[in-house]
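In the working numbering, the protein residues as written are 509 to 809.
Beta carbons: idealized from backbone N, C-alpha and C, even for Gly.
Below is one structure, written out as structure tokens, with a few remarks after it.
What follows is the structure, given as structure tokens:
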């Protein structure tokens, strides 16, 4: 979602001077962005974040600590949410910056002055690589304040929520489908009492319900994406797609592992990785509890 979030931030909230250089490079894959929002003591409550951006002549310096920053080492630009409003303690004092950085390596992830951090060892989804990032008077060009106006950061970020949640719903469907296919193949190959596991009704029933739930989650995700593509408000549908998709992915992975029996608990079997990967889907891009709150509020509108 990082490229999608960065592109939508610039597309919806950026100036023409920001769109012209950044959007083509993001679309082509020439540059890699990352989203820098979460802090050690600030997850869903972004209005309470403490990272500050201060004027330094025509430019800015950023100081603070961020965490759970995806592929931060190799990124070229960070969309950083920081507090610019003096004396503010809520969403109104937040601004968004396009903070350029030099891509690093696994061995030396952060090479720019004022930037440091380290990798976070994670349970699943290890291919993304997560980092803590520390800013100590990190320099950002004045022209890289998104939209050229202070105090619009949270509003700009909210414009990306629908797409990010739809995309996460789609990822969840993919994880669930992988679990179904892995469980199905094992049930066909593994034989007990002289017949394949799939011949046992309880096993076949698990696979059948996995297929049904995945179909429902997939169609809801498609519908949400259709709504977004046609310019309709879809925070309700996006929240539903993300909430349901994540639950279906976890249930599918859990059931597929159960079909594997004891072998499912062994790291050498693919299903163990799928189970670990599925767990994060209920957390990032808005935890399940946040999605439920969004859905409930919209139902009351």
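Would residue 737 and residue 650 be called neighbours here (beta carbons separated by less than 8 angstroms)?
As a first step, residue 737 must be located in the chain shown, where it is residue number 229. As a first step, residue 650 must be located in the chain shown, where it is residue number 142. No.
Which ranges would you report for the beta strand (DSSP E) in the stretch 634-716 if only whole runs of at least 3 residues count?
638-648
If we count the other Cβ atoms within 10 Å of its Cβ and call it buried at 16 or more, is residue 732 buried or exposed?
Locating residue 732 in the chain shown gives position 224, where the first residue counts as 1. By the neighbour-count rule (16 or more Cβ atoms within 10 Å), residue 732 is buried.
What are the uninterrupted segments assigned as beta strand (DSSP E) that are 3 or more residues long and contained completely in the stretch 585-616, given in chain order?
585-591 and 602-608
For the beta strand (DSSP E) that residue 529 lies in, which residues bound it at each end?
Position 21 of the chain shown, counted from the first residue, corresponds to residue 529. Premise fails: residue 529 lies in the alpha helix (DSSP H), 524-536, not in any beta strand (DSSP E).
Residue 624 lies in the beta strand (DSSP E); which residues open and close that run?
Within the chain shown, the letter at position 116 stands for residue 624. From DSSP, the beta strand (DSSP E) with residue 624 extends over 623-628.
Please report the residue range of the beta strand (DSSP E) in which residue 556 lies.
Sequence index remark: in the chain shown, residue 556 carries index 48 (1-based). Counting along the chain, residue 556 falls outside any beta strand (DSSP E), and DSSP gives it neither H nor E.
Considering only the beta carbon of each residue, do residue 583 and residue 604 sit closer than 8 angstroms?
Reading the chain shown from its first residue, position 75 is the one you call residue 583. Reading the chain shown from its first residue, position 96 is the one you call residue 604. Contact flag unset, no.
How is the alpha helix (DSSP H) around residue 756 delimited, first residue to last?
In the chain shown, counting from the first residue as 1, residue 756 sits at position 248. Run containing residue 756: 743-768, per the alpha helix (DSSP H) assignment.
Element boundaries [beta strand (DSSP E), containing residue 544]
As a position in the chain shown, residue 544 is number 36, starting the count at 1. Start and end: 541-544.
Assign residue 772 to one of three DSSP states: helix, strand, or coil.
Residue numbering aside, residue 772 sits at position 264 when the chain shown is read from its first letter. Three-state DSSP puts residue 772 in a helix.
Please identify the residue among 540, 523, 515 and 541 whose C-alpha is closest to the C-alpha of residue 531.
Working through the chain shown from its first residue, we reach residue 531 at position 23. Per the Cα distances, 515.
Please find out if some non-hydrogen atom of the ligand ZN comes closer than 7 angstroms to the beta-carbon of residue 728.
Summarising the ligand content, the structure contains no ligands, and the ligand ZN is consequently not present.
Could you tell me the alpha carbon to alpha carbon distance between residue 728 and residue 745, rounded to whole angstroms?
Within the chain shown, residue 728 is the residue found at index 220, counting from 1. Within the chain shown, residue 745 is the residue found at index 237, counting from 1. Near 7 angstroms, if we compare the C-alpha coordinates of residue 745 and residue 728.
Given residue 741 as reference, the closest of 616, 806 and 648 once Cα atoms are compared
Counting from one through the chain shown, the residue named residue 741 turns up at place 233. The residue with the shortest Cα to Cα distance from residue 741 is 806.
Could you spell out where the alpha helix (DSSP H) holding residue 518 opens and where it closes?
As a working mapping, residue 518 is identified with position 10 in the chain shown. That run of the alpha helix (DSSP H) goes 510-521.
Mind checking residue 563: buried by the 16 CB within 10 Å criterion, or exposed?
For this step, residue 563 is matched to residue 55 along the chain shown. Per the 10 Å Cβ criterion, exposed.
Beta carbon of residue 544 nearer than 8 angstroms to that of residue 589:
Position 36 of the chain shown, counting from 1, holds the residue named residue 544. Position 81 of the chain shown, counting from 1, holds the residue named residue 589. Yes. Within cutoff.
What separation, rounded to the nearest whole angstrom, lies between the Cα atoms of residue 601 and residue 594?
Numbered from 1 along the chain shown, position 93 holds the residue referred to as residue 601. Numbered from 1 along the chain shown, position 86 holds the residue referred to as residue 594. Their backbone Cα atoms lie some 7 angstroms apart in a straight line.
Cβ distance (whole Å) where residue 764 is taken to contact residue 688 below 8 angstroms
Mapped onto the chain shown, residue 764 falls at position 256. Mapped onto the chain shown, residue 688 falls at position 180. Residue 764 to residue 688, Cβ: 7 angstroms. Contact.
So, at 6 angstroms on beta carbons, what are the nonlocal neighbours of residue 575 in its own chain, with the 5 sequence-adjacent residues on each side left out?
One-based indexing of the chain shown puts residue 575 at position 67. Result list for residue 575: 546, 548 and 640, in chain order.
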